[in-house]
Amino acid sequence: MIDLARIVQETFVAQAEHHPTLSSTNDRATWCASRGAKQLPLLVVADQQTAGRGRGGKRWWSAPGALMFSLLIEPDTVAADRDRSPLVALAVAVAVAETVAPLLAAQSPGIHWPNDVLVNGRKLTGILVEVLADRRHVIGIGLNTNNTLADAPAELQATATTLRDLAGQRFDQTDVLVDLLRHLADAFSMLRDDPSALSARANARCTQRGQTVTLHWGNQHKTGVCRGIGADGAILLETAAGVERFHSGTTSPQ
Amino acid sequence: MNAPSASNQDIFEVRKIRRLVELMKEHDLSEIDLQEGDVRIQLRRACAVAPVMVAAPPVAAMPAAAPAAPAPAAAPAAAPAAGKANSGLVIKSPMVGTFYAAADPESPAYVKIGDHVGPETTVCIVEAMKVFNQIPAEVSGKIVAVLVENGAPVEFGQPLFNDAAGD
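Chains as they are written, first to last, in the numbering used here: chain A, -17 to 236; chain B, 137 to 303.
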């Protein structure tokens, strides 16, 4: 059970809601925003999602023990002018990686640009950041915590992982959530004060460096060797034309 | 719903319901369930996703909102140096990224030719680094042309839609 009182006391969250079942925590947070939610950050946690959203219409795998939540925040929490908003997803990835690293004795979490956190090449978390018309941000995070691959659909067996499967133990969800929220507060603070320091942290954990990756955006793609994450958060791909920077798209290994 | 006792309340309820329905469509909600005092409104919209009841009362949730209309979203400020991004007959991209006409591939486009928009109407998504930005029209008018393809990269200031003021 998630201890909401502890979360409000120990983290930057001002209000919290818990639901046994929701269609989507991002949708609920968006709805709260449309209703004029004032005390932010607002946290929405669900035990189960029936229509959890990933990017591009994909569904997020919902299973008991998974930590699924959304945060509604004011734009100035992340100093979100149009230039900096793109770095928010990267900030969340850094926060998740830094939260799970001490929980895993044997393995190290890595970042795939811009916001995938993987362990052993398998996806541990999903992050979906949606910016509303009034610039408030809805940050959706799904962290595979106490759920297990044994219960996962066939198509995820080779690509997903969970903390429970990696560490061989269950974790207290409130502990993990409090820790993650603290790391998020730190990452947002860094984003406000020194965005290049945030990019540097992401770069240090980027496991795509030196690998051939393909960047997809819309109907287009580009393949090159990843040279890391630049100070402005762009992914650097070396192609025949030299090192190019990209701010949009998703990466896949070649 | 309780039967309104005066004709003023009648109009109020209809407007309220209309606004709620608009919000449901705008945010693609299948169901809302609101309570104010002893008045309760439940609206369910037919859609592909099965509506899910919120089973537990939220703990330490938002205070019971008094006004029926949602707090108006502040119009986003364009970079001061650049001035207002949109004016008159063109809606321009306020940022660099990838243009998407809809919230996701399974959803209908935010706007199509012939739709009327207001300054706060979301007209598209521009995505950068996996952050999906809902872009408001910033003008009123009718969409008369869509200038970019779904999935195309866009630059700051690039025209996205033509709109005709008034109608």
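Here a beta-carbon is modelled for each residue, glycine too, at the ideal position from N, C-alpha and C.
None of the values given here were measured: they were computed from a predicted structure.
is_contact[residue i, chain A] using C-beta, thresh 8 Å
| i | result |
| --- | --- |
| residue 163 of chain B | yes |
| residue 244 of chain B | no |
| residue 232 of chain B | yes |
| residue 106 of chain B | What is shown of chain B runs 137 to 303, which leaves residue 106 of chain B out entirely. |
| residue 287 of chain B | yes |
| residue 152 of chain B | no |
| residue 240 of chain B | yes |
Cβ neighbour criterion (16 or more within 10 Å) applied to residue i
| i | result |
| --- | --- |
| residue 256 of chain B | buried |
| residue 201 of chain A | exposed |
| residue 181 of chain A | buried |
| residue 247 of chain B | buried |
| residue 208 of chain B | In this predicted model, residue 208 of chain B has a pLDDT of only 39, less than 50, meaning its place in the structure is not dependable; the value taken from the coordinates is given anyway. Result: exposed. |
| residue 141 of chain A | exposed |
| residue 144 of chain A | buried |
| residue 96 of chain A | buried |
Contact check, residue i vs residue j, beta carbons under 8 Å
| i | j | result |
| --- | --- | --- |
| residue 128 of chain A | residue 153 of chain A | yes |
| residue 4 of chain A | residue 158 of chain A | no |
| residue 266 of chain B | residue 71 of chain A | yes |
| residue 264 of chain B | residue 233 of chain B | yes |
| residue 179 of chain B | residue 298 of chain B | no |
| residue 215 of chain A | residue 69 of chain A | yes |
| residue 116 of chain A | residue 163 of chain B | no |
| residue 235 of chain B | residue 112 of chain A | no |
| residue 262 of chain B | residue 249 of chain B | no |
| residue 241 of chain B | residue 230 of chain A | no |
| residue 196 of chain A | residue 203 of chain A | yes |
| residue 138 of chain A | residue 86 of chain A | no |
| residue 108 of chain A | residue 187 of chain A | no |
| residue 162 of chain A | residue 78 of chain A | yes |
| residue 170 of chain A | residue 12 of chain A | no |
Length of the line joining the Cα atoms of residue i and residue j
| i | j | result |
| --- | --- | --- |
| residue 153 of chain B | residue 279 of chain B | 26 Å |
| residue 157 of chain B | residue 16 of chain A | 12 Å |
| residue 205 of chain A | residue 259 of chain B | 31 Å |
| residue -17 of chain A | residue -6 of chain A | 20 Å |
| residue 237 of chain A | residue 76 of chain A | This structure cannot speak to residue 237 of chain A, because chain A is shown only from -17 to 236. |
| residue 134 of chain A | residue 199 of chain A | 28 Å |
| residue 121 of chain A | residue 24 of chain A | 10 Å |
| residue 45 of chain A | residue 21 of chain A | 30 Å |
| residue 296 of chain B | residue 252 of chain B | 15 Å |
| residue 227 of chain B | residue 172 of chain A | 33 Å |
| residue 55 of chain A | residue -12 of chain A | 19 Å |
| residue 244 of chain A | residue -1 of chain A | As shown, chain A starts at -17 and ends at 236. That puts residue 244 of chain A outside it, with no answer to give. |
| residue 123 of chain A | residue 243 of chain B | 21 Å |
Within-8 Å CB hit, residue i to chain B
| i | result |
| --- | --- |
| residue 44 of chain A | no |
| residue 9 of chain A | yes |
| residue 5 of chain A | yes |
Residue i beta carbon near the ligand PLP (any heavy atom closer than 7 Å)
| i | result |
| --- | --- |
| residue 52 of chain A | The model depicted lacks the ligand PLP and carries no ligand whatsoever. |
Discussion item. So if I threshold CB-CB distances at 7 Å, which residues from the stretch 252 to 285 of chain B count as touching chain A?
Written reply: If the cut-off is 7 Å between Cβ atoms, the stretch 252 to 285 of chain B has 256, 258, 263, 264, 265, 266, 267, 268, 269, 270 and 272 near chain A.
Worksheet item: Any residues in the stretch 100 to 116 of chain A with a beta carbon nearer than 8 Å to a beta carbon of chain B? Which ones, in chain order?
Response: Those residues of the stretch 100 to 116 of chain A placed with their C-beta closer than 8 Å to a C-beta in chain B are 109, 110, 111, 112, 113, 114, 115 and 116, ordered along the chain.
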